[in-house]
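In the working numbering, each residue's number is its place in the sequence shown (first place is 1) plus 14.
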Amino acid sequence: MNFILIGIIVANILISYQGFNDYNFFRKFEFHVGSIRSGEQIRMLSSGFLHVDLMHLAFNMLTLWFFAPDVIANLGNFSFVLVYFGSLIFGSLLTMVFHKDDYNYRAVGASGAVTGVLYSAILLNPDREIGLYFLIWLPGYIFGILYLLYSIYGMKAKNDNIGHTAHFGGAIGGYVITLVKDPSLFYDHTFVVILLLIPILILFAMAKLGKI
């Protein structure tokens with residue numbers, strides 16, 4: 015049992031529970047572009063501990079519980095914390111880049127941070143299989159590529175309430191921080207490192223061309 019992981023999960027549960035029961039608290043600390051641009055940058059961090067409902071909270075915490083141990087075992091506690099919070103911030107920053115002119119854009123959830131941990135785990139153990147709805151099992155790196163491509167589609171389509179931009183930003187955070195902390199992955203998992211970079215390059219190329 016890792017007490018840092020437990021602490022992060024407990025913090026998410028307690029803060030989310032407060033948000034479930036206090037509308038003003040929820041609104042005060044959610045991700046809101048207009049408020050952030052007015053100087054309330056704390057929302058870029060605090061929003062990562064709020065969730066829409068119990069299902070949203072449970073899904074994120076279960077995913078974190080499953081994949082955080084891989085990161086902790088390979089990189090240690092400090093680097094795990096760096097991946098978690100760094101990915102949360104990466105997700106918020108990318109969301110601000112893509113939604114900076116949408117002053118009414120709102121979002122909550124630990125998904126950016128959790129996705130960063132997931133991608134860190136994929137880099138560290140690319141052959142670990144991940145299940146799609148427990149029906150189709152894929153090597154982690156294949157899942158990672160498909161997930162990022164789906165996130166690009168979601169960012170472009172804008173036909174749901176999922177924070178695809180935060181997910182993608184979190185994935186970038188997990189990818190970059192993990193490679194910085196363990197450069198040997200460039201040599202040990204070169205093929206996977208290159209493959210996971212491709213969707214990231216596609217996103218920024220599409221953004222440069224105004225396609226997203």
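Glycine is no exception: its CB is placed at the ideal position from the N, C-alpha and C atoms. Given the structure is predicted, the values throughout are model-derived calculations rather than measurements.
Own chain partners of residue i with C-beta closer than 7 Å, once the 5 adjacent residues on each side are dropped
{"i": "Val95", "result": "Ile18"}
{"i": "Thr145", "result": "A small fix is needed here, since residue 145 is Gly in this sequence, not Thr. Same-chain partners within the cutoff: Trp151."}
{"i": "Ala25", "result": "Phe63"}
Per-residue burial, residue i [other beta carbons within 10 Å of its own, 16 or more giving buried]
{"i": "Leu28", "result": "exposed"}
{"i": "Asn175", "result": "exposed"}
{"i": "Asp84", "result": "buried"}
Contact check, residue i vs residue j, beta carbons under 8 Å
{"i": "Thr179", "j": "Thr77", "result": "no"}
{"i": "Ala82", "j": "Gly105", "result": "no"}
{"i": "Gly130", "j": "Ala72", "result": "no"}
{"i": "Leu199", "j": "Gly158", "result": "no"}
{"i": "Val66", "j": "Gly188", "result": "no"}
{"i": "Ala124", "j": "Phe63", "result": "yes"}
{"i": "His203", "j": "Pro140", "result": "yes"}
{"i": "Ile226", "j": "Ile166", "result": "yes"}
{"i": "Met169", "j": "Phe112", "result": "yes"}
{"i": "Gly53", "j": "Leu107", "result": "no"}
Cβ shell of residue i (< 8 Å), same chain only, five flanking positions each side left out
{"i": "Ala121", "result": "Glu44, Phe45, Ser61, Thr109, Gly177 and Ala180"}
{"i": "Ser49", "result": "Arg57"}
Rounded Cβ spacing between residue i and residue j (contact assumed at less than 8 Å)
{"i": "Ile213", "j": "Leu162", "result": "One point to set straight first is that residue 213 is Pro, not Ile, in the sequence displayed. 4 Å between Cβ atoms; contact."}
{"i": "Met69", "j": "Ile23", "result": "No, Met69 and Ile23 are not in contact; Cβ-Cβ is about 16 Å, not under 8 Å."}
{"i": "Asn35", "j": "Ile86", "result": "That belief does not hold up - the Cβ atoms of Asn35 and Ile86 are roughly 32 Å apart, past 8 Å."}
Sequence-distant residues of its chain with Cβ nearer than 6 Å to residue i (five each side left out)
{"i": "Gly206", "result": "The sequence given here places Val at residue 206; Gly does not occur at that position. These residues qualify, in order along the chain: Pro140 and Tyr155."}
Flag this pair as touching only if the region 132 to 148 and the region 186 to 201 have three or more C-beta atom pairs under 8 Å; answer yes or no.
-> Contact holds: three or more Cβ-Cβ distances are below 8 Å.
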